[in-house]
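So the sequence shown is numbered by my numbering: it starts at 96 and just counts up by one.
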Amino acid sequence: MQLRATIDAARMARLEVALEARLYQRLMLHRARFALPGTELMARLRKIVKWTSAIGLVTTLGLCTVGGLPFGGWLLDVLVIAVYAALLSLSMYTPYWEPRMRKPGRFWQRQARWWTDHLLKNARTQVPFDAQYDFADDMATYFRIRDDTPHMQWTRRLEGFSLSGEGFTVLYRSRKSLSPHAFFLHEPSAPFEALLAHHGVQPLPGC
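Structure representation (structure tokens):
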């Protein structure tokens with residue numbers, strides 16, 4: 096089986112818009128399913144550490160006023176106070192990226208823009224060209240054809256999850272992965288969709 100599509104400047108411009116929009120949608124899904132639960136868990140853990148450290152620090156300081164801890168010497172008292180104080184300080188620190196991950200906005204838009212640039216960086220410089228994909232069992236080989244001369248770009252296995260849009264398909268190894276495994280430029284193709292399904296490639300849920 097073979098896929099082939101002609102990529103000119105006009106199509107590249109449309110592709111950039113469509114790809115960035117779909118990648119942003121994919122990032123929003125990732126944010127809802129994985130990033131937000133993770134940041135919420137971190138916030139709860141910081142709260143637990145903060146109150147535990149505060150109670151431990153106050154208790155240890157109180158014991159120091161009546162002779163110190165019931166075991167060990169004054170060095171142990173100082174060490175325990177230092178550990179609780181350090182934990183309390185760390186628990187009050189919020190990573191700079193956490194508020195950005197909590198809400199959609201420029202952070203996620205920049206991520207979508209970055210991945211779009213990453214996927215199209217080389218292709219932009221080669222326009223116009225033909226994108227050709229040759230398939231052998233579960234392997235795909237990509238050729239970029241200019242002046243009737245094919246130049247092999249990569250070989251990838253058909254696996255994981257797919258994100259499709261107008262004129263492209265992106266493959267990811269897993270639902271959590273944000274790094275694309277393979278990127279196809281193509282016309283709408285039922286045989287290609289059937290080939291992906293045959294090799295167990297599933298559309299990303301929610302996309």
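Idealized CB from N, CA, C, for every residue including glycine.
Just so we're clear, the structure is a prediction, and the values are computed from it rather than from any experiment.
Which residue from the options puts its Cα closest to that of residue i?
i: G301; options: A108, M96, Q97 and R121; result: R121
i: R109; options: V153, L280, F287 and M96; result: L280
i: Q248; options: A277, V265 and L266; result: A277
i: H246; options: Q221, H294, A285 and L299; result: Q221
In terms of residue numbering, what span does the beta strand (DSSP E) encompassing residue i cover?
i: L98; result: Q97 to I102
i: D229; result: F224 to A231
i: A127; result: No beta strand (DSSP E) contains A127, which DSSP labels as neither H nor E.
Cα separation between residue i and residue j?
i: M107; j: R241; result: 15 Å
i: R252; j: A235; result: 6 Å
i: K145; j: G151; result: 10 Å
i: G262; j: L182; result: 52 Å
i: F256; j: L118; result: 14 Å
i: L98; j: D225; result: 10 Å
i: L214; j: I143; result: 42 Å
i: D212; j: R201; result: 16 Å
Who are the Cβ neighbours of residue i in its own chain at under 6 Å, not counting the five residues just before and after it?
i: W85; result: Since the first residue shown for the chain is 96 and the last is 302, residue 85 is missing from the structure and cannot be characterised.
Can you list, in chain order, the residues of its chain with a C-beta nearer than 8 Å to that of residue i? Leave out the 5 residues immediately preceding and following it.
i: A113; result: G260, E261, G262 and F263
Hey, could you find the ends of the alpha helix (DSSP H) residue i is sitting in?
i: A292; result: A285 to H293
i: H213; result: R201 to Q221
Would you mind giving the Cβ-Cβ distance between residue i and residue j, rounded to the nearest angstrom? I have them listed as a contact below 8 Å.
i: L273; j: V296; result: L273 to V296, Cβ: 17 Å. No contact.
i: M96; j: F230; result: 4 Å
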